[in-house]
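Data block below; observations after.
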Amino acid sequence: MDVKTHKYTGTQKLVYTNNSPDTLTRLYYHLYFNAFQPGSMMDVRSRSIADPDRRVKDRISKLTPDEIGMLEPTSLSQDQNPLKYKIEGTILEVDLATPILPHTSTTLNMVFKGQVPVQIRRSGRDNKEGIDYSMSQWYPKLSEYDAQGWHPNPYIGREFYGVWGDFDVSITIDADYVVAASGILQNPNEIGYGYEAPGTKVKRNKKEITYHFIAEQVHDFMWAADPDYVHKIVQVPNGPKIHYFYVEDSITEKTWPQLMEISPKMVTFMNQQFGEYAYSDFMVIQGGDGGMEYPMSTLIVGRGSLNGLIGVTIHEMFHSWYQGALATNESLYPWMDEGFTSYASALTQQFLHGTERPLEGRVNRYIKLTQGEDQEPLTTHSDHYSTNGAYGTAAYSMGALVPYQLAYIMGEEKFHQAFRDYYYSWQFRHPTPDDFIKVMEKNSGMVLDWFFLDWIGSTKLLDYAIGKVTEDNEQLNIELTNINQRPMPVEVLVTYKNGDLERYYIPLRLMRGDKIFTDGVKTVQLEDWPWTNPTYSFEIKAKISDVEKIEIDPDRGMVDIDYSNNIWSSTSSSNE
Ligand SMILES: [Zn+2]
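Anchor point for the sequence shown: position 390 equals 392 in the numbering used here, and the numbering is continuous, going up by one each time.
This is the structure we're talking about:
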C-alpha cells in the first residue's frame, strides 16, 4: 500500500474447490472499486433513481482521475496456465484453461493493482471523519456459484454474497499506520499498536511494516488504516474479545468508552437470546460512513451520539449472525439479513433501554409504505427495487416483521428456540428461504408456507375487524371480518367490566397446528378459520352489559393496517 499515491498492488493465490455437482468452465470475480468511476453503473443508477442516496447522489460523476477507484488484474493464471479474461465494470469474466470438475480444486494466481477512491460509500479514503483508509471490497473477490448458478452481480451499492474461505492476508504499509482488519493478527509483538502481549517492548524502526492476518471460515476480508487510531480491547466473559479502533477527539473520547462499558452486558444478551457469536474476536472500527458489516468486524460512523453509536454497533454486530455466519444471499433475500438483524437489534435495544413495543417503528414504516405507490414484493432483487425507499422499508422493516409475526403465530418462546435452531443448524451453509421455513415448521409443528407466500411473495395487506356484536338469550354473538386478503390466526381479548380477561383464539386452518399460550390469561380455543371465509362468528356466555371491551390482536402481533376497527367497546355503540 502506497499511502502517498493511494495506489496498491497485490498478489493473490486462490485455491478454489468446486463442491457442486457441476463442471465449471468460467469464473467471475468482483472488482468493486471500479464502481467509483464516472459513468459506472453505480454512478448512473444514483443519478437516475428517483430518490438517490444522499451520500452518493452525483458525487461519483465528479471524481477526478486521482480520486476514482480502480481495481484490475495485471496477470491471471490457472495451475500455471495463463488465462483470458475481460473486465466489464465491476465484474471480471474469466475463461478457464481447464474446466473444474465436480469435487476437485484448482489454483488461481493473480497479480492485481488498485487505487483507493475518495470515500463515496462504505470504502475509500479520507472520509468526513478523517479516517485515512476504509478498505472494504478492495481485492478481486471470487463470485459465488451455488445451486442457483453464478452470482456476478454488478456493484451498484447494495448487498453482498461471497464464497467461504480461509483468508491469509499480509498487508505492507507505512509503519505509522495502525491497521484493523477482519482477522486475527499473527505477529502482534512485531506490530504493537495495542495488539502486543501486555508488557511487550515493541521495536518498529522500519519505514514499512507488514501486518499478517488470518481469518478462517469467512466470506470477505476488510481492513482499515489510520495513523491516529487508538486500539482498545474488552473481553466479554464467556464471549468474544472485542477490539475498538477509533480516533480520539472531544466526542469520541466520551462516547466510545461508554460503548465499551456496555458491551459485555449487550453481547451477553445477544449470545443468549440469538445463539453464540461464531468467532473469537470482533472488531468495531471507526470508518466514518454509516455502518457496514464485514466478517468479524464492522466499519461504523464514530462521531455520532452515544445512543447512535450503541445502536449502530448492535446492528452491525448482529450481521455477524445473519450475514457473517449464515451468509444468506443478501441480494436475493435481504429480509433474511437486514430484516433479521433489525429484529434482533430492536430486542437488544429493548433489553438495554426498556423500550416498549420495540418493533412499532418498523410496523409504522411498513404501513406508510403500503399507503403509497412504491411498494414492491420482497422477492425483488435488492438492486432492482425502483426506489431506495421501497427497498429500505422492504428489507429492514418488512424483513424485521418476519420474525416478529412468526413469534405471534408460534408464541414467543417457541419462536426464539426455532430462531436459535436456525442459526446453529445453518451456520456456514448459505441458507435460502426454504431452509428457514423448514426450521420454523419443524420447531412449531405448524405449516407456515401461507405466511411466507403472502408476506414475501406478494404485497397483500391484512385488515381484520370486529363486525356485529349482538346479544341473544344471555349469549353474545361476535362477528369478525377479514376485510383484506392476507390471513392470520386471530386472537380476541374480551375485557369484562369486573376486570376479568378472556382470550378467544382462532387458529388459521392452513396452519395445521396451534399456538400454546403461557401468559396465564384464560384462553378458549375456537374452531379453525378457513381462509376462504370473509367472516367468522362465535358465541360467548355473557351479557352485553357485562363487557367493557372486545379487541382483536391487543398485542399488535399480526401487523394489521388498520387497528381502529379492531375494537368494540361498551362506550361506543357504533358496532352494535
Ligand atoms: Zn444492516
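Don't be surprised by glycine CBs; every beta carbon is placed ideally from N, CA and C.
For the pair PHE284 and MET298, the CB atoms are nearer than the 8 Å cut-off. The Cβ atoms of GLY306 and GLN407 do not sit closer than 8 Å to each other. Here the region 116-130 lies against the region 273-290, with 3 or more beta-carbon pairs under 8 Å apart. Note: ASP474 is bridge-paired with GLN477 in the DSSP secondary-structure output. Taking a 10 Å sphere around the C-beta of TYR426, we find fewer than 16 other C-beta atoms and assign the residue as exposed. In the structure shown, the three-state DSSP call for GLY515 is coil. Rounded to whole angstroms, PRO154 and GLU529 show a C-alpha spacing of 50 Å. Under the three-state reduction of DSSP, ASN240 is assigned to coil, being neither helix nor strand. The region 154-172 makes contact with the region 205-215: 3 or more CB pairs, one atom from each, lie closer than 8 Å.
Rounded to the nearest angstrom, the Cβ distance from TYR466 to ASN484 is 6 Å, consistent with a contact under 8 Å.
Put simply, the backbone Cα of TYR345 is about 45 Å away from that of SER77.
For VAL204, no beta strand (DSSP E) encloses it, and the DSSP letter there is neither H nor E.
ALA226: not part of any alpha helix (DSSP H); member of the beta strand (DSSP E) spanning 225-228, first to last residue. With fewer than 16 other beta carbons inside 10 angstroms of its own, GLU375 counts as exposed. Between SER184 and TYR10, the CB-CB gap reaches or exceeds 8 Å. Per the C-alpha coordinates, the member of ASN331, LYS517, TRP428, LEU85 positioned closest to ALA99 is LEU85. Annotation note: the region 384-408 contains no uninterrupted beta strand (DSSP E) run of length 3 or greater.
Taken atom to atom, the span from the alpha-carbon of VAL46 to that of LEU463 is near 34 Å. As the crow flies, the alpha-carbon of TRP457 is around 10 Å from that of PRO489. Burial check for PRO491: the Cβ neighbour count within 10 Å reaches 16 or more, so the residue is buried. In summary, SER282 is exposed, with fewer than 16 beta-carbon neighbours lying within 10 Å of its beta-carbon over all protein chains present. The region 145-161 and the region 20-31 touch, with no fewer than 3 CB-CB distances between them shorter than 8 Å. In the three-state DSSP reduction, GLY126 falls in the strand class (E or B). Nearest in C-alpha terms to ILE563, of all of PRO536, TYR507, VAL365, PHE519, is VAL365. Pairing THR92 with TYR141 gives a Cβ-Cβ distance that is not under 8 Å. Note on ALA199: under 16 other CB atoms within 10 angstroms of its CB, so exposed under the neighbour-count rule.
Per DSSP, the beta-bridge partners of VAL526 are TYR506.
Taking a cut-off of 8 Å for Cβ pairs, the region 374-390 and the region 320-336 touch, as three or more such pairs fall below it. The DSSP-derived three-state label of LEU78 is strand. Where HIS153 is concerned, there is no enclosing alpha helix (DSSP H), because DSSP gives it neither an H nor an E.
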